[in-house]
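Student: Please read through the structure below; I'll follow up with questions.
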Amino acid sequence: MKIVFLGTPDFAMKSLKALYENKQNILAVVTNQDKPKGRGMKLIPSPVKEYALEKNLKVMQPVKIRKNEEFINEIRDLNPDLLCVVAYGKILPKELLDIPKYGSINVHGSLLPKYRGAAPIQWAVLNGDEETGITTMFMDEGMDTGDMILKEKVKIGDDETTGELWNRLSDIGAKLLVETVSKIEDISKTIESKTEEEIKQEVKKKIGAEKQGENFTLAPMLDKEMSKINWNDSARKIKNLVRGLNPIMGTYTFLNGKKIKIWKVQMHNNIPEAESKQNGEIIISDKKKGLFVKTSQGVIEILELQGESSKKMDIKSFLNGNQVEVGEIFED
935 MKIVFLGTPD FAMKSLKALY ENKQNILAVV TNQDKPKGRG MKLIPSPVKE
985 YALEKNLKVM QPVKIRKNEE FINEIRDLNP DLLCVVAYGK ILPKELLDIP
1035 KYGSINVHGS LLPKYRGAAP IQWAVLNGDE ETGITTMFMD EGMDTGDMIL
1085 KEKVKIGDDE TTGELWNRLS DIGAKLLVET VSKIEDISKT IESKTEEEIK
1135 QEVKKKIGAE KQGENFTLAP MLDKEMSKIN WNDSARKIKN LVRGLNPIMG
1185 TYTFLNGKKI KIWKVQMHNN IPEAESKQNG EIIISDKKKG LFVKTSQGVI
1235 EILELQGESS KKMDIKSFLN GNQVEVGEIF ED
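Add 934 to a position in the sequence shown, counting from 1, and you land on the number used in this note's numbering.
This is the structure we're talking about:
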(Lines of atoms letter the chains of each structure in order from A and count residues from 1; the text may use other names and numbers.)
(Lines give C-alpha, C1' and ligand atoms only; values in the text may rest on other atoms or scores of the structure.)
Protein backbone atom coordinates (compact mmCIF):
# COMPACT_ATOMS: atom_id res chain seq x y z
CA MET A 1 0.00 0.00 0.00
CA LYS A 2 1.14 3.55 -0.72
CA ILE A 3 1.03 5.26 2.67
CA VAL A 4 1.51 8.76 4.03
CA PHE A 5 2.19 8.48 7.76
CA LEU A 6 1.42 11.26 10.26
CA GLY A 7 2.68 11.05 13.84
CA THR A 8 4.99 12.64 16.38
CA PRO A 9 5.89 10.91 19.71
CA ASP A 10 7.47 7.56 20.52
CA PHE A 11 3.97 6.05 20.62
CA ALA A 12 3.64 6.85 16.90
CA MET A 13 7.22 5.88 16.06
CA LYS A 14 6.49 2.25 16.93
CA SER A 15 3.62 2.23 14.43
CA LEU A 16 5.82 3.75 11.72
CA LYS A 17 8.49 1.16 12.46
CA ALA A 18 5.94 -1.65 12.22
CA LEU A 19 4.71 -0.42 8.82
CA TYR A 20 8.26 -0.07 7.54
CA GLU A 21 9.22 -3.54 8.69
CA ASN A 22 6.02 -4.88 7.11
CA LYS A 23 7.39 -3.64 3.76
CA GLN A 24 4.67 -1.06 3.21
CA ASN A 25 5.43 1.70 0.70
CA ILE A 26 5.77 4.79 2.88
CA LEU A 27 5.65 7.78 0.53
CA ALA A 28 6.20 10.43 3.20
CA VAL A 29 6.23 10.97 6.94
CA VAL A 30 4.54 14.06 8.36
CA THR A 31 5.48 15.13 11.88
CA ASN A 32 5.46 18.22 14.09
CA GLN A 33 8.29 20.71 13.97
CA ASP A 34 11.43 20.25 16.06
CA LYS A 35 11.05 21.65 19.59
CA PRO A 36 13.61 23.45 21.76
CA LYS A 37 14.61 21.49 24.87
CA GLY A 38 17.12 21.60 27.68
CA ARG A 39 19.18 24.45 29.06
CA GLY A 40 20.57 25.34 25.66
CA MET A 41 17.10 25.19 24.07
CA LYS A 42 18.51 23.03 21.29
CA LEU A 43 16.01 22.01 18.62
CA ILE A 44 15.16 18.32 19.07
CA PRO A 45 13.38 16.28 16.36
CA SER A 46 10.41 14.10 17.22
CA PRO A 47 10.95 10.34 17.63
CA VAL A 48 9.01 9.84 14.39
CA LYS A 49 11.32 12.19 12.48
CA GLU A 50 14.42 10.52 13.90
CA TYR A 51 13.23 7.10 12.75
CA ALA A 52 12.15 8.40 9.33
CA LEU A 53 15.53 10.00 8.71
CA GLU A 54 17.29 6.82 9.81
CA LYS A 55 15.36 4.92 7.15
CA ASN A 56 15.77 7.64 4.49
CA LEU A 57 12.04 8.36 4.33
CA LYS A 58 10.72 11.68 3.06
CA VAL A 59 9.94 13.96 6.04
CA MET A 60 7.47 16.85 5.99
CA GLN A 61 7.00 19.29 8.90
CA PRO A 62 4.33 21.85 8.04
CA VAL A 63 3.75 24.59 10.60
CA LYS A 64 0.04 24.21 10.00
CA ILE A 65 -2.20 22.00 7.89
CA ARG A 66 -5.50 23.85 7.81
CA LYS A 67 -5.59 26.38 4.97
CA ASN A 68 -2.21 25.16 3.78
CA GLU A 69 -2.90 24.54 0.10
CA GLU A 70 0.77 23.96 -0.72
CA PHE A 71 0.97 21.06 1.74
CA ILE A 72 -2.44 19.65 0.75
CA ASN A 73 -1.45 19.69 -2.93
CA GLU A 74 1.87 18.02 -2.16
CA ILE A 75 0.05 15.16 -0.45
CA ARG A 76 -2.44 15.01 -3.30
CA ASP A 77 0.43 14.72 -5.80
CA LEU A 78 1.80 11.73 -3.87
CA ASN A 79 -1.51 9.93 -4.61
CA PRO A 80 -1.53 7.75 -1.46
CA ASP A 81 -3.76 4.74 -0.93
CA LEU A 82 -3.98 5.47 2.81
CA LEU A 83 -3.20 8.08 5.41
CA CYS A 84 -2.08 6.43 8.66
CA VAL A 85 -2.35 8.82 11.62
CA VAL A 86 -0.96 8.03 15.08
CA ALA A 87 -0.74 10.73 17.76
CA TYR A 88 0.10 13.43 15.23
CA GLY A 89 -1.05 16.29 17.44
CA LYS A 90 -3.12 18.39 15.02
CA ILE A 91 -6.73 18.18 13.84
CA LEU A 92 -6.78 17.27 10.16
CA PRO A 93 -9.13 18.96 7.66
CA LYS A 94 -11.58 17.04 5.50
CA GLU A 95 -9.77 18.04 2.31
CA LEU A 96 -6.70 16.14 3.54
CA LEU A 97 -8.60 13.12 4.92
CA ASP A 98 -10.42 12.69 1.60
CA ILE A 99 -7.24 12.47 -0.51
CA PRO A 100 -6.24 8.79 -0.09
CA LYS A 101 -7.97 6.23 -2.28
CA TYR A 102 -9.07 3.91 0.53
CA GLY A 103 -9.48 6.41 3.35
CA SER A 104 -7.59 7.74 6.35
CA ILE A 105 -7.10 5.55 9.42
CA ASN A 106 -6.11 6.35 12.97
CA VAL A 107 -4.68 4.44 15.93
CA HIS A 108 -6.37 5.65 19.13
CA GLY A 109 -5.32 4.79 22.70
CA SER A 110 -8.70 3.80 24.13
CA LEU A 111 -11.68 1.55 23.55
CA LEU A 112 -13.78 4.01 21.60
CA PRO A 113 -16.21 5.65 22.06
CA LYS A 114 -14.74 5.97 25.55
CA TYR A 115 -12.09 8.68 25.86
CA ARG A 116 -12.24 10.65 22.66
CA GLY A 117 -9.64 13.39 22.73
CA ALA A 118 -6.00 14.24 23.32
CA ALA A 119 -5.18 12.22 26.45
CA PRO A 120 -7.07 8.89 26.48
CA ILE A 121 -4.30 6.83 28.10
CA GLN A 122 -3.70 9.36 30.86
CA TRP A 123 -7.40 9.67 31.75
CA ALA A 124 -7.88 5.91 31.92
CA VAL A 125 -5.23 5.82 34.67
CA LEU A 126 -6.38 9.03 36.37
CA ASN A 127 -9.92 7.66 36.61
CA GLY A 128 -8.74 4.34 38.01
CA ASP A 129 -10.13 2.26 35.13
CA GLU A 130 -9.48 -1.47 35.26
CA GLU A 131 -9.19 -1.89 31.49
CA THR A 132 -8.55 0.09 28.33
CA GLY A 133 -7.15 -0.73 24.91
CA ILE A 134 -6.50 0.33 21.33
CA THR A 135 -8.96 1.11 18.55
CA THR A 136 -8.17 1.56 14.87
CA MET A 137 -10.72 3.59 12.97
CA PHE A 138 -11.51 5.47 9.79
CA MET A 139 -11.11 9.20 10.30
CA ASP A 140 -13.73 11.87 9.68
CA GLU A 141 -13.93 15.56 10.55
CA GLY A 142 -14.90 14.95 14.18
CA MET A 143 -12.62 14.38 17.15
CA ASP A 144 -12.16 10.58 17.20
CA THR A 145 -15.70 10.04 15.90
CA GLY A 146 -15.00 7.82 12.89
CA ASP A 147 -16.13 4.25 12.25
CA MET A 148 -14.18 1.66 14.26
CA ILE A 149 -12.22 -1.16 12.65
CA LEU A 150 -10.20 -3.27 15.14
CA LYS A 151 -10.01 -3.26 18.94
CA GLU A 152 -7.84 -4.93 21.55
CA LYS A 153 -8.48 -4.76 25.31
CA VAL A 154 -5.86 -4.76 28.05
CA LYS A 155 -6.08 -4.83 31.82
CA ILE A 156 -4.59 -1.87 33.67
CA GLY A 157 -2.39 -2.86 36.62
CA ASP A 158 -3.33 -1.41 39.99
CA ASP A 159 0.12 0.21 40.28
CA GLU A 160 0.67 0.85 36.56
CA THR A 161 1.66 4.38 35.58
CA THR A 162 0.65 6.26 32.47
CA GLY A 163 4.20 5.82 31.15
CA GLU A 164 4.09 2.06 31.59
CA LEU A 165 0.63 1.75 30.01
CA TRP A 166 1.69 4.10 27.19
CA ASN A 167 4.56 1.76 26.30
CA ARG A 168 2.34 -1.33 26.33
CA LEU A 169 -0.36 0.29 24.21
CA SER A 170 2.15 1.65 21.69
CA ASP A 171 3.19 -1.93 20.90
CA ILE A 172 -0.43 -3.04 20.58
CA GLY A 173 -1.25 -0.01 18.44
CA ALA A 174 1.59 -0.82 16.06
CA LYS A 175 0.41 -4.41 15.72
CA LEU A 176 -3.24 -3.41 15.12
CA LEU A 177 -2.23 -0.81 12.54
CA VAL A 178 -0.35 -3.41 10.52
CA GLU A 179 -3.34 -5.78 10.77
CA THR A 180 -5.71 -3.00 9.69
CA VAL A 181 -3.57 -2.00 6.70
CA SER A 182 -3.21 -5.66 5.68
CA LYS A 183 -6.99 -6.13 5.77
CA ILE A 184 -7.53 -3.03 3.62
CA GLU A 185 -4.83 -4.21 1.22
CA ASP A 186 -6.59 -7.57 0.80
CA ILE A 187 -9.96 -5.86 0.33
CA SER A 188 -8.51 -3.46 -2.26
CA LYS A 189 -7.94 -6.42 -4.58
CA THR A 190 -11.69 -7.16 -4.61
CA ILE A 191 -13.03 -3.62 -5.07
CA GLU A 192 -15.57 -3.24 -7.87
CA SER A 193 -16.70 0.35 -7.25
CA LYS A 194 -15.45 3.15 -9.47
CA THR A 195 -16.03 6.54 -7.85
CA GLU A 196 -13.79 7.65 -4.96
CA GLU A 197 -16.64 7.75 -2.48
CA GLU A 198 -18.01 4.36 -3.55
CA ILE A 199 -14.55 2.81 -3.14
CA LYS A 200 -14.24 4.16 0.41
CA GLN A 201 -17.72 2.94 1.35
CA GLU A 202 -17.07 -0.52 -0.09
CA VAL A 203 -13.85 -0.80 1.93
CA LYS A 204 -15.72 0.16 5.12
CA LYS A 205 -18.45 -2.37 4.42
CA LYS A 206 -16.11 -5.25 3.61
CA ILE A 207 -13.84 -4.63 6.61
CA GLY A 208 -16.87 -4.53 8.93
CA ALA A 209 -16.39 -0.97 10.23
CA GLU A 210 -18.69 -0.15 13.13
CA LYS A 211 -20.25 3.21 13.96
CA GLN A 212 -19.57 4.53 17.46
CA GLY A 213 -22.95 5.86 18.56
CA GLU A 214 -23.41 8.70 21.03
CA ASN A 215 -22.47 7.06 24.35
CA PHE A 216 -18.99 8.58 24.57
CA THR A 217 -16.67 10.21 27.10
CA LEU A 218 -14.01 12.86 26.55
CA ALA A 219 -10.30 12.90 27.39
CA PRO A 220 -9.17 16.53 27.19
CA MET A 221 -5.57 17.74 27.37
CA LEU A 222 -4.05 17.68 30.85
CA ASP A 223 -3.74 20.89 32.86
CA LYS A 224 -0.66 21.58 34.99
CA GLU A 225 -2.93 22.91 37.75
CA MET A 226 -4.34 19.42 38.30
CA SER A 227 -0.94 18.14 39.45
CA LYS A 228 -1.17 19.57 42.98
CA ILE A 229 -2.21 16.94 45.53
CA ASN A 230 -5.32 17.63 47.59
CA TRP A 231 -4.92 15.70 50.81
CA ASN A 232 -8.66 16.00 51.44
CA ASP A 233 -9.15 13.52 48.60
CA SER A 234 -9.17 9.78 49.23
CA ALA A 235 -6.01 7.69 49.17
CA ARG A 236 -7.32 5.93 46.05
CA LYS A 237 -7.88 9.20 44.18
CA ILE A 238 -4.43 10.51 45.17
CA LYS A 239 -2.75 7.29 44.08
CA ASN A 240 -4.51 7.44 40.71
CA LEU A 241 -3.40 11.06 40.29
CA VAL A 242 0.22 10.20 41.06
CA ARG A 243 0.41 7.26 38.68
CA GLY A 244 -1.72 9.04 36.06
CA LEU A 245 0.70 11.98 35.85
CA ASN A 246 3.84 9.84 35.93
CA PRO A 247 6.03 10.58 33.97
CA ILE A 248 4.28 13.46 32.17
CA MET A 249 4.56 16.11 34.86
CA GLY A 250 4.37 14.39 38.24
CA THR A 251 2.36 15.56 41.23
CA TYR A 252 3.46 17.94 43.95
CA THR A 253 2.75 19.18 47.44
CA PHE A 254 4.41 21.55 49.93
CA LEU A 255 6.07 20.80 53.25
CA ASN A 256 7.33 23.70 55.36
CA GLY A 257 7.10 25.96 52.33
CA LYS A 258 9.19 23.72 50.11
CA LYS A 259 7.81 22.10 46.96
CA ILE A 260 8.08 18.33 46.86
CA LYS A 261 7.24 16.28 43.77
CA ILE A 262 5.75 12.87 44.45
CA TRP A 263 6.26 10.17 41.82
CA LYS A 264 5.19 6.91 43.41
CA VAL A 265 2.87 6.00 46.28
CA GLN A 266 0.97 3.11 47.79
CA MET A 267 -2.33 3.20 49.65
CA HIS A 268 -3.23 1.58 52.97
CA ASN A 269 -6.29 1.21 55.16
CA ASN A 270 -6.75 0.62 58.88
CA ILE A 271 -3.51 2.15 60.17
CA PRO A 272 -4.11 2.96 63.87
CA GLU A 273 -1.78 5.98 63.82
CA ALA A 274 -4.15 7.71 61.36
CA GLU A 275 -7.08 7.94 63.77
CA SER A 276 -8.01 11.51 64.75
CA LYS A 277 -5.23 13.00 62.58
CA GLN A 278 -5.63 15.81 60.03
CA ASN A 279 -5.70 15.18 56.30
CA GLY A 280 -2.17 15.70 55.00
CA GLU A 281 -0.61 15.00 58.38
CA ILE A 282 2.48 12.78 58.52
CA ILE A 283 1.64 9.87 60.81
CA ILE A 284 4.79 7.78 60.32
CA SER A 285 8.26 9.02 59.35
CA ASP A 286 10.90 6.37 59.77
CA LYS A 287 13.89 5.33 57.64
CA LYS A 288 12.93 1.68 58.01
CA LYS A 289 9.11 1.89 58.03
CA GLY A 290 8.73 4.74 55.51
CA LEU A 291 6.65 7.92 55.21
CA PHE A 292 2.88 7.71 55.67
CA VAL A 293 0.33 10.52 55.24
CA LYS A 294 -3.33 10.71 56.34
CA THR A 295 -6.01 11.38 53.69
CA SER A 296 -9.81 11.70 53.89
CA GLN A 297 -10.12 7.96 53.29
CA GLY A 298 -7.12 5.77 53.93
CA VAL A 299 -3.40 6.47 54.15
CA ILE A 300 -0.82 7.22 51.46
CA GLU A 301 2.66 5.75 51.74
CA ILE A 302 5.14 7.82 49.74
CA LEU A 303 7.62 5.56 47.92
CA GLU A 304 9.44 7.90 45.53
CA LEU A 305 9.74 11.69 45.62
CA GLN A 306 11.85 14.64 44.59
CA GLY A 307 12.79 17.59 46.77
CA GLU A 308 13.41 21.12 45.52
CA SER A 309 16.50 21.33 43.27
CA SER A 310 17.04 17.61 43.75
CA LYS A 311 16.69 14.38 41.82
CA LYS A 312 14.16 11.59 42.20
CA MET A 313 14.91 9.20 45.03
CA ASP A 314 13.31 6.45 47.06
CA ILE A 315 11.90 7.36 50.45
CA LYS A 316 14.73 5.79 52.44
CA SER A 317 17.32 7.91 50.61
CA PHE A 318 15.18 11.02 51.09
CA LEU A 319 14.75 10.47 54.83
CA ASN A 320 18.48 9.84 55.20
CA GLY A 321 19.14 13.39 54.05
CA ASN A 322 16.03 15.25 55.21
CA GLN A 323 14.43 15.76 58.61
CA VAL A 324 10.72 14.99 58.36
CA GLU A 325 8.79 14.84 61.63
CA VAL A 326 5.61 13.01 62.59
CA GLY A 327 2.87 15.61 62.98
CA GLU A 328 4.08 17.87 60.18
CA ILE A 329 1.40 18.59 57.62
CA PHE A 330 1.58 18.72 53.84
CA GLU A 331 -0.12 21.88 52.61
CA ASP A 332 -3.23 21.74 50.44
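Note that the Cβ used here is the ideal one computed from N, Cα and C, for glycine as well.
What is the rounded straight-line gap between the Cα of Gly1107 and the Cα of Ile1216?
Tutor: By 1-based counting over the sequence shown, the position of residue 1107 is 173. By 1-based counting over the sequence shown, the position of residue 1216 is 282. C-alpha separation (whole angstroms): 42 Å.
Student: Under the assumption that Gln1146 contacts Thr1079 (Cβ atoms under 8 Å), give the Cβ distance between them as a whole number of angstroms.
Tutor: For the purposes of this step, residue 1146 is identified with residue 212 of the sequence shown, where counting begins at 1. For the purposes of this step, residue 1079 is identified with residue 145 of the sequence shown, where counting begins at 1. That belief holds up - the Cβ atoms of Gln1146 and Thr1079 are roughly 6 Å apart, short of 8 Å.
Student: For Ala1153, does the three-state DSSP call read helix, strand or coil?
Tutor: Residue numbering aside, residue 1153 sits at position 219 when the sequence shown is read from its first letter. Three-state DSSP puts Ala1153 in coil, outside helix and strand.
Student: Cα-Cα, which of Gln1200, Asn1164, Phe1252 is closest to Glu1265?
Tutor: Here residue 1265 corresponds to residue number 331 of the sequence shown, with the count starting at 1. Ranking the options by Cα distance to Glu1265, first place goes to Asn1164.
Student: Would you mind reading off the limits of the alpha helix (DSSP H) that contains Met947?
Tutor: Locating residue 947 in the sequence shown gives position 13, counting from the first residue. Start and end: 944–955.
Student: Could you check what DSSP says for Gln1200 in three-state terms: helix, strand or coil?
Tutor: As a working note, residue 1200 is residue 266 in the sequence shown. DSSP, reduced to helix, strand and coil, places Gln1200 within a strand of the structure shown.
Student: Assuming Leu1017 contacts Val938 under a Cβ cut-off of 8 Å, what Cβ separation, rounded to an integer in Å, is found between them?
Tutor: For the purposes of this step, residue 1017 is identified with residue 83 of the sequence shown, where counting begins at 1. For the purposes of this step, residue 938 is identified with residue 4 of the sequence shown, where counting begins at 1. With 8 Å as the limit, Leu1017 and Val938 qualify as a contact, their Cβ atoms being about 5 Å apart.
Student: Could you tell me which uninterrupted alpha helix (DSSP H) segments, each at least 4 residues in length, are contained entirely in the stretch 1175–1250, listed from first to last along the chain?
Tutor: none
Student: In whole angstroms, what is the alpha-carbon distance linking Pro943 and Lys1195?
Tutor: Within the sequence shown, numbered from 1, the residue matching residue 943 stands at position 9. Within the sequence shown, numbered from 1, the residue matching residue 1195 stands at position 261. About 25 Å.
Student: What residues in its chain sit with their C-beta under 6 Å from that of Phe1188, if we drop five residues either side in the sequence?
Tutor: Walking along the sequence shown from the start, residue 1188 turns up at place 254. Only Glu1265 meet the Cβ criterion.
Student: Using a threshold of 7 Å, state whether the C-beta atoms of Ile1039 and Phe1005 are closer than that.
Tutor: Position 105 of the sequence shown, counting from 1, holds the residue named residue 1039. Position 71 of the sequence shown, counting from 1, holds the residue named residue 1005. No. Outside cutoff.
Student: Nearest CA to the CA of Lys983: which residue from Met994, Arg973, Gly974?
Tutor: Locating residue 983 in the sequence shown gives position 49, counting from the first residue. The shortest C-alpha to C-alpha distance from Lys983 to any of Met994, Arg973, Gly974 is the one to Met994.
Student: Is it true that the stretch 1225–1232 meets the stretch 1204–1212, where meeting means three or more beta-carbon pairs spaced less than 8 Å apart?
Tutor: yes
Student: Is Met1160 helix, strand or coil by DSSP?
Tutor: Within the sequence shown, the letter at position 226 stands for residue 1160. Met1160: helix per DSSP, three-state reduction.
Student: Is any heavy atom in the ligand GTP found nearer than 6 Å to the beta carbon of Ser1038?
Tutor: The model depicted lacks the ligand GTP and carries no ligand whatsoever.
Student: Let me check understanding here. Comparing Cα to Cα, which of Val1041, Asp1074, Val1088 lies closest to Glu1064?
Tutor: Taking the first residue of the sequence shown as position 1, residue 1064 is located at position 130. Among Val1041, Asp1074, Val1088, the Cα nearest to that of Glu1064 belongs to Val1088.
Student: In or out: Leu1060 buried (at least 16 other Cβ within 10 Å) or exposed?
Tutor: Taking the first residue of the sequence shown as position 1, residue 1060 is located at position 126. Flag for Leu1060 reads buried.
Student: Using C-beta distances below 6 Å, list every residue in its chain close to Pro1181, excluding the 5 sequence neighbours before and after it, in chain order.
Tutor: Numbered from 1 along the sequence shown, position 247 holds the residue referred to as residue 1181. Correct list, in chain order: Gly1097.
Student: Less than 8 Å between the CB atoms is what I'm expecting for Val1115 and Leu961, so what's the real figure, rounded?
Tutor: Here residue 1115 refers to the residue found at position 181 when the sequence shown is read from its first residue. Here residue 961 refers to the residue found at position 27 when the sequence shown is read from its first residue. Going by Cβ atoms, the distance from Val1115 to Leu961 rounds to 14 Å, so no, they are not a contact pair.
Student: What first and last residue would you give for the beta strand (DSSP E) that runs through Phe939?
Tutor: By 1-based counting over the sequence shown, the position of residue 939 is 5. Run containing Phe939: 936–941, per the beta strand (DSSP E) assignment.
Student: How big is the Cα-Cα spacing for Leu1030 and Lys1134?
Tutor: In the sequence shown, the residue the question calls residue 1030 occupies position 96. In the sequence shown, the residue the question calls residue 1134 occupies position 200. Cα to Cα, Leu1030 sits roughly 14 Å from Lys1134.
Student: Can you tell me which of Asp1167, Arg1170, Leu1156, His1202 puts its alpha carbon nearest to the alpha carbon of Met1183?
Tutor: Within the sequence shown, residue 1183 is the residue found at index 249, counting from 1. For Met1183, the nearest C-alpha among the options comes from Leu1156.
Student: For the beta strand (DSSP E) holding Leu961, just list the boundary residues, first then last.
Tutor: As a first step, residue 961 must be located in the sequence shown, where it is residue number 27. Per DSSP, Leu961 belongs to the beta strand (DSSP E) from 959–964.
Student: For Val1258, which three-state DSSP category applies?
Tutor: Stepping through the sequence shown from its first residue, residue 1258 is reached at position 324. Correct three-state label for Val1258: coil.
Student: Measuring CA to CA, which of Asp1093, Gly1062, Val1112, Val1019 is closest to Met1077?
Tutor: Along the sequence shown, one-based indexing puts residue 1077 at 143. Answer by Cα proximity: Val1019.
Student: What would DSSP say about Ile1090, mapped onto helix, strand or coil?
Tutor: For the purposes of this step, residue 1090 is identified with residue 156 of the sequence shown, where counting begins at 1. The answer is coil: DSSP assigns Ile1090 none of H, G, I, E or B.
Student: In angstroms, rounded to a whole number, what distance separates the CA positions of Asp1248 and Asn1203?
Tutor: One-based indexing of the sequence shown puts residue 1248 at position 314. One-based indexing of the sequence shown puts residue 1203 at position 269. Straight-line Cα distance between these residues: approximately 22 Å.
Student: For a test of the three-state rule: what should DSSP assign to Pro1054, helix, strand or coil?
Tutor: To locate residue 1054, count along the sequence shown from 1; it is residue 120. In the structure shown, Pro1054 sits in a helix (DSSP, three-state: H, G or I).
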